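Right, one structure below, let's go through it.
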Amino acid sequence: MPLGRAPAAVAGAAAGLGGMALIVTAMVLWLELPHELLLTASLGYTAMMLLILRYWPREYRRFGWANRLTLLRGSLIMVVTGSLLFEELVTHHPLLVTALVMAALVMDGLDGWVARHLKLATAFGARFDMELDAFLILMLCVLLVVQEMAGPWVIMIGALRYLFLLAMHYLPLMARPLPLSHLRKTICVWQVMTLMTCLLPWVTPPVSQVLLGLALLLLLGSFSRDIRWLYRRRKAMTGKAVAALPAGRGARAVGSWPSSQHGSHR
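Reminder that position 265 of the sequence shown reads as 269 in the working numbering, one-by-one numbering, no gaps.
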C-alpha cells in the first residue's frame, strides 16, 4: 500500500517507534545494557510497522486508541525479541525481561476492552492483536530455551500454529473453517499460563520441563483433534468449495489481517 494512502497507520506506527526508542534508551542507560539492543529492537519494530502498512485497510481514516495500545504491546514484545540476541542480558537481567513479558501479557485484553468501550472494533484490530499473541508465544518459547528452562523442543509450542498455517497453503482439506471449541480455547489459555509460570524465578527444572511438556502434549492433542475433524470432512472441501474460501478462514488461520473468523474486538 502506498504510504500516502495510509496516513493514520504511518502516524501511529511512527509514534510507536519513537516511544519504543525512548523505552530502550532508558533501559540501556540505566542498566548499562548493550547499545545494540536499540538496533535489534528497532529492526523488529520496523518489520511490524511494514506489516501494518501492508495490511492497513484503505477505508480506515484513523489509527484509534485501541490500536495504539496494541502497538505499545508490540513495542514491548519487540524489545523482548531484540534482547534474545544478547545472552548476557537475558541471563544477568532475567527479571527485567520477565517484567516486559508480563507487562505485554497484562496489556493483552486491555486494547480489546478499549475498542469495545469506544466502539472502535475492527477486523484489522482483531487480527493485529491475534498475530502479536502468536508471535509473543513463540518468543516466550525461545526465551525459555535461552534461560535453560527447557530444551529446544519447547519451541514447538509456539511453532505448531505456524506449521498449521503452512499446511493450509498446500493441503486443501486444511482450509475448511473449524467450529468453535471451548476445549481449544481452554488449552490455549493453559499454554499461555504455563509459559508465564515458567518465567517466574522460583520455577526451575525439572518442574518447568514437566509443565512445558504437559502444555506441548495438550497442544499436540488439540491440533490432532482438529486435523482429524478436517480429514473426516475432506470430501466436502474439494474443487470449487476450497477455491471459494477467503484467505484465513480456518480457526487457527492467519490469512490476511483485514479478515478473521475469530471475530473482531477492535
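All C-beta atoms in this analysis are idealised placements derived from N, C-alpha and C, irrespective of residue type, glycine included.
Computed from a prediction, not measured in an experiment: that's the story for all the values here.
DSSP state of Met160 mapped onto helix, strand, coil: helix
Does Gly113 pass the burial test, meaning 16 or more other C-beta atoms within 10 Å, or should it be called exposed?
exposed
**Study point:** Ala138 versus Val193: straight-line alpha-carbon distance, rounded
**Key:** 12 Å
Local conformation of Asp230 per DSSP, three classes = helix
*Just mark Trp117 as buried or exposed, buried being the case when its beta carbon has 16 or more other beta carbons within 10 Å.*
exposed
Q.
Spatial neighbours of Gly48 within its chain, please: C-beta separation below 7 Å, excluding the five flanking residues on both sides.
A. Met82, Thr85, Gly86
Next on the checklist: If I measure Cβ to Cβ from Leu222 and keep anything under 8 Å in the same chain, skipping five residues before and after, which residues do I get?
Outcome noted: Ile191, Trp194, Gln195
Considering only the beta carbon of each residue, do Met143 and Leu88 sit closer than 8 Å? yes
Of the choices Thr198, Arg180, Leu35, Leu234, whose alpha-carbon is the least far from that of His97? Leu35
For Gly68, collect the residues of the same chain with a Cβ closer than 6 Å to its Cβ; drop the 5 residues on either side in sequence, then sort them by chain order. Leu124
Item to check | Trp117, enclosing alpha helix (DSSP H) - first and last residue | outcome: 114-121
>> Count Cβ pairs between the region 126-137 and the region 151-162 that sit closer than 8 Å; are there 3 or more?
In response: no
Task: Closest Cα partner of His186 within the set Asp230, Arg165, Leu177, Ala163 - done: Asp230
Checklist entry - How would you label Met179, buried or exposed, when you count the other beta carbons within 10 angstroms and need 16 or more for buried? => result Note that residue 179 is Ala in the sequence shown, not Met. Buried: at least 16 other Cβ atoms inside 10 Å.
Below 7 Å CB to CB, which residues in the same chain sit around Ala219 once its five sequence neighbours on both sides are set aside? Ile161, Trp194, Gln195, Thr198
* Asked: Since Leu279 and Val105 are thought to touch, with beta carbons under 8 Å apart, how far apart are those beta carbons, to the nearest angstrom?
  -> Any property of residue 279 remains undetermined from this structure, which presents the chain solely from 5 to 270.
- Thinking C-alpha only, which one of Thr74, Leu164, Ile159, Leu182 is nearest Arg232? Leu182
On the three-state DSSP scale, how would you describe Leu187?
-> helix
Quiz item: Gly20: buried (16+ other C-beta within 10 angstroms of its C-beta) or exposed?
Solution: buried
If Leu147 and Val207 are in contact, beta carbons under 8 Å, what's the gap, nearest whole angstrom?
Not a contact, Cβ separation roughly 13 Å.
Exposed or buried, which one is Val214 when buried takes at least 16 other CB atoms within 10 Å?
exposed
_For Trp194, the three-state DSSP class (helix, strand or coil)_ = helix
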